[in-house]
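K.L.:
Mapped onto the working numbering, the consecutive letters of the sequence shown carry residue numbers 26 to 91. Positions of the beta carbon are idealized from the N, C-alpha and C atoms, including for glycine. Quick caveat: nothing in here was measured; it's all calculated off a predicted structure.
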Amino acid sequence: MNGIAKLLMIIGGVIFAIGFLSQFVKIGKLPGDIIIKKENFTFYFPIVTSILISVILTVVLYLFRK
Numbered sequence: 026m027n028g029i030a031k032l033l034m035i036i037g038g039v040i041f042a043i044g045f046l047s048q049f050v051k052i053g054k055l056p057g058d059i060i061i062k063k064e065n066f067t068f069y070f071p072i073v074t075s076i077l078i079s080v081i082l083t084v085v086l087y088l089f090r091k
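#1: Quick test of your reading: F70 and I81, contact by CB under 8 Å. State the CB separation rounded to the nearest angstrom.
#2: Kindly indicate the opening and closing residues of the alpha helix (DSSP H) around K31.
#3: Consult DSSP for F89 and reduce its assignment to one of helix, strand or coil.
#4: Using a threshold of 8 Å, state whether the C-beta atoms of V73 and L55 are closer than that.
#5: What does the alpha-carbon distance come out to for the pair I36 and S79?
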């Protein structure tokens, strides 16, 4: 199996695992996420959650490269 196919399978497995675990673990609505509630409108921007996921994925991919 060449390197690109192996990398795609690993990325797919990671995305699958994150999707599966997100059903049981609620990582959204952390302190720092932006929530604006009006009468009939709610805006939610998960900035801290996005940063946290980015850091975790960076560490995981860094470990796979070694």
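P.N.:
So, from the data block:
#1: Wrong, their Cβ atoms sit about 19 Å apart, outside the cutoff.
#2: K31 -> alpha helix (DSSP H) spans 28-46.
#3: If DSSP states are grouped into helix, strand and coil, F89 belongs with the helices.
#4: Contact: yes.
#5: Separation of I36 and S79 (C-alpha to C-alpha, rounded to the nearest whole angstrom) is 14 Å.
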